[in-house]
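Protein chains: 2
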Amino acid sequence: MEQTKFLLGEKDIPTHWYNVQPDLPEPLPPVLHPGRLDPVTPDDLLPLFPMELIMQEVSQERWIEIPEPVREVYKLWRPTPLYRAYRWEKALDTPARIYYKWEGVSPPGSHKPNTAVAQAYYNKMEGQTRISTETGAGQWGSAMAFACNLFDLECKVYMVAISYRQKPYRKSMMEAWGATIVPSPSADTSVGRKYLEEDPEHTGSLGLAISEGVEDAVTTEGTKYSLGSVLNHVLLHQTVIGQEMKKQFEMADDYPDMLIGCIGGGSSMGGFSLPWVPDKIKDGKDIQIICVEPMASPSVTKGLYRHDFGDAAKTGPVAKMYTLGHSFIPAPIHAGGLRYHGMAPIICLLNELGIMETRAEHQVPTFEAAASFALAEGIISAPEPAHAIKVAMDEALKCKETGEEKVIAFNLCGHGHFDMGAYDAYFAGELVNYEYPEDKIKAAQAELPEVAPEYQ
Amino acid sequence: MEQTKFLLGEKDIPTHWYNVQPDLPEPLPPVLHPGRLDPVTPDDLLPLFPMELIMQEVSQERWIEIPEPVREVYKLWRPTPLYRAYRWEKALDTPARIYYKWEGVSPPGSHKPNTAVAQAYYNKMEGQTRISTETGAGQWGSAMAFACNLFDLECKVYMVAISYRQKPYRKSMMEAWGATIVPSPSADTSVGRKYLEEDPEHTGSLGLAISEGVEDAVTTEGTKYSLGSVLNHVLLHQTVIGQEMKKQFEMADDYPDMLIGCIGGGSSMGGFSLPWVPDKIKDGKDIQIICVEPMASPSVTKGLYRHDFGDAAKTGPVAKMYTLGHSFIPAPIHAGGLRYHGMAPIICLLNELGIMETRAEHQVPTFEAAASFALAEGIISAPEPAHAIKVAMDEALKCKETGEEKVIAFNLCGHGHFDMGAYDAYFAGELVNYEYPEDKIKAAQAELPEVAPEYQ
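Residue numbers (the working numbering), protein chains in the order written: chain A, 924 to 1379; chain B, 924 to 1379.
What follows is the structure, encoded as structure tokens:
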């Protein structure tokens, strides 16, 4: 065996984020106001987000400088390693060369702080004292709690009630970083109180938690709202992943034939793959870019490419994306970070143009793949990137059949230390697959907003 | 801020372990047979350990080559980073320069695999097919499960019953690496059955789990036993930590005034500090080496320096060490890895000779210090190294008073992702300190074996 890890130094932490927008073959469709259904203005967004992030959302600059205080925080865990999976290749008996980018080394345990830190910084710079946000499984809430603490901002996290009860240790982690966490629906907002009156034991949903976070931000002095995925600026901040990886592939004297990552809102996949898009569409490199989503929430493979609300309560902006319908509630798969009805508009456009492709996977096979990977490489993956592991394994096994020496790279965007209950269920044979919920999706898609032709 | 992490490449993984024995000012006292109470022979130990480890236990070679397959596994996480704790220094407002060696990046989450991998390798080379071991809080069992899997050995872990029930996720992690875990006492050994007959709900103890592991090894074909601390060869394997750190301090163009680490059995502290001992005793460097133990199990600060059994059932070798008495059961502090009545003989001799010193700390202040550290540096420490963090903080605050710019280095030997319940208790104000249990210790120390003067 030769080199296992390709490690960069702190001086190799990117100085700029890569903005794919000027390199897209066609511009992104306009984002619409949820009430008016005409294009949003910066003023519409200012109650929710700091101006710098609003500008990044629509920027056509290819490179956006990373503020020095953000790079200083990145040093706490970046650059992250790129691994060659020698042991797993051997276990799979494949001629493929498999690499994985390991984002689980951050203190919160995933890629999420790459943007949380940037968002906290801009809020601080623009005079905010407090951030409200929501979290499902807890990865995003942990990252935001971590980031707010480092920039001396208060942080209020509305955590989907069922996760709050099932994952007490994610909550403890956020508390260790000084955040305040309440189960959603909570008594702290009017929308929360409304749902609690209907059902004091309400288990909550991501859409409802977003509504509480948004209400908190617009009604509380010094507070703005923060979102962990979907938006262009979130994908932008994540591009440190793919930029580092390009340098690391140079170190390895190799080049990927395929890039594989999971998609829930699309931020980890964007950060991992967007820096490679110019290689493909400008330099003509033959890279296959494969998104992997859960069969229980198959936004891209089964969604409509239409404008839809980002949240169930219809309070956030309306974007054109593959959507299952904003009222769709996915089955309770363990990959909580992938339970979203829509998808990042950038990921959607690139899929629509054939620059990316997407596959949907069932839950049990993703755990089978993650278990195979853990035995070989030692790392216990979060349930979300287990979807990428599954497709990487499929492709490696195809190479075994064909004899092709393909170079497969996947994004291992978080560890599973707070998801061991899911592994327990898997080893006990108690995990189930959820069939593609066609009727529920059709019903939810019937509620898509009617958008004027000129904005579609 | 300048460089935050000092990172080495894979070529910097040490090629040899450092054996302190030839550099000790006087030889270690003999280890005795538990029945005969005269010096053990290799033949006495062979039912338990492979010959190579028995030879390492008494070796007088200063450098012992690390087998290439062991170094290959080390590449999965080594070299580990040395961090400069800029943010914590600022939070403490200290002129001290604080560094920490971060061993929590290994897949099992601590320093333990440094020796688990070596032990698995030698057992495999000598034809074993299976290893039995015990675990308390689960760090060691996880490391052994991880290591056995990589060398294709079966692994049976006897896990202290109360931990088995309280920490189900550590068990899940071991299962993910293919190990078999039973709560101890178990029905799988005669000693286990004996205790279960007395009390079917027995909560177990480390001493009892060791007895089950030993019985399993001596009664099962192809099986040997493995211990995660205390023994000389275990400390030897851990010296990769301190060797890397010496190179990293050169990169930082700095040199430590004090080295601080927690001690339970003494292996992480040995690995962290022993490579610096020649600097102190040969080159006359003024390094303070400070061990930190829990007040609830104060082996070095309150123990007798006498020969004693390593386990409650008196089946293992008898070594000269600071001991609270082999029948002493420490209070249920969350730092499960520090609940041991004895201590590594090497650590004891170096304390006796004044080359190391030891302090005992109460539980609550160690969590206060770990919480301060997590806020500043982001990393959530395991309860064991929280003891080192406490003393590092004390020393940094002393520097604030005196204005001294001391260089403080501590060993952050594991993460706390599986210990969040302990942080919950701390934040809820429910953690307690346990007073120094003088009467229980006196009673246990009354049972020390009588050893002939020529062996003392």
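All C-beta atoms, glycine included, are put in the ideal place defined by N, C-alpha and C.
By the C-beta density criterion, Gly1239(B) is buried, having at least 16 other C-beta atoms within 10 angstroms.
Any Cβ of chain A closer than 8 Å to the Cβ of Asn1037(B) would place that residue at the interface, and such an atom is absent. For Tyr1349(A), the secondary structure class from DSSP, reduced to helix, strand or coil, is helix. Between Ile1213(B) and Lys1203(B), the C-beta gap is not smaller than 8 Å, which leaves the two residues out of contact.
Taking a Cβ-Cβ threshold of 8 Å, the residues of chain A close to Trp1100(B) are Ala1297, Leu1298, Gly1301, in chain order.
Short of 7 Å from the beta carbon of Asn1046(B), and not among the five residues preceding or following it, lie these beta carbons of its own chain, in chain order: Pro973, Ile1054, Leu1076, Lys1147. Nearest CB-CB separation between Gly932(A) and chain B: below the 8 Å threshold. Three or more Cβ pairs closer than 8 Å define a contact, and the region 1217-1227 of chain B meets that threshold against the region 1245-1257 of chain B. Against chain A, the CB of Tyr1092(B) has a partner CB under 8 Å away; the residue lies at that interface. When only Cα atoms are considered, Ala1311(A) and Trp1025(A) end up about 13 Å apart. Contact between Lys1313(A) and Thr1289(A) holds: their C-beta atoms lie close to 5 Å from each other, under 8 Å.
Assignment of alpha helix (DSSP H) within the region 1101-1186 of chain B, counting only whole runs of 4 or more residues, yields 1113-1121, 1129-1142, 1155-1161, 1163-1174 in chain order.
Closer than 7 Å at the C-beta level to chain A, one finds these residues of the region 988-1011 of chain B: Glu995, Lys998, Leu999. Under the 8 Å criterion on CB atoms, Thr927(A) is classed as interfacial with respect to chain B. Distances from the alpha-carbon of Gly1187(A) to those of Val943(A), Arg1262(A), Ala1236(A) put Arg1262(A) closest. The three-state reading of DSSP puts Leu931(A) in coil, since its state is none of H, G, I, E or B.
Taken through DSSP and simplified to helix, strand or coil, Pro962(B) comes out as strand. The beta-carbon separation of Leu931(A) and Pro1030(A), rounded to 19 Å, does not stay under the 8 Å limit for a contact. Secondary structure of Leu955(B) (DSSP, three-state): strand. Taking C-beta atoms under 8 Å as the contact rule, Leu1158(A) and Gly1193(A) qualify, at a distance of about 3 Å. Look at Val1028(A): its C-beta is under 8 Å from a C-beta on chain B. In this structure, the beta-carbon distance from Thr1103(A) to Asp1139(A) does not fall below 8 Å. The region 1029-1044 of chain A makes no contact with the region 1007-1016 of chain A, as fewer than three CB pairs between them are under 8 Å. Assigned with DSSP and collapsed to three states, Val1083(A) falls in strand. Here DSSP, grouped into helix, strand and coil, assigns Val943(A) to coil.
Taking Ser1191(A) as reference, the option from Lys1035(A), Asn1356(A), Gly1277(A) with the minimal CA-CA separation is Lys1035(A). Judged by their CB atoms, Ala1019(B) and Cys1271(B) are not nearer to each other than the 8 Å cut-off. Listed as beta-bridge partners of Glu1280(A) by DSSP are Ile1213(A). At a cut-off of 8 Å, the C-beta of Met974(A) has no neighbouring C-beta in chain B. Between Met1218(A) and His1285(A) a beta carbon distance of about 5 Å is seen, short of the 8 Å cut, so the two are scored as contacting. An exposed status is given to Asp1122(A), since fewer than 16 other beta-carbon atoms sit within 10 Å of its beta-carbon. Within the same chain, Gly1064, Val1080, Met1082 come within 6 Å of Thr1058(B) by CB-CB distance, once the 5 residues on both sides are set aside. Secondary structure of Val1314(A) (DSSP, three-state): helix.
Per DSSP, the continuous beta strand (DSSP E) segment holding Arg1053(B) begins and ends at 1053-1058. Chain A places a beta carbon closer than 8 Å to that of His1340(B), counting this residue as a contact. Below 8 Å, too few C-beta pairs join the region 924-944 of chain A and the region 1345-1363 of chain A to call them touching: fewer than three.
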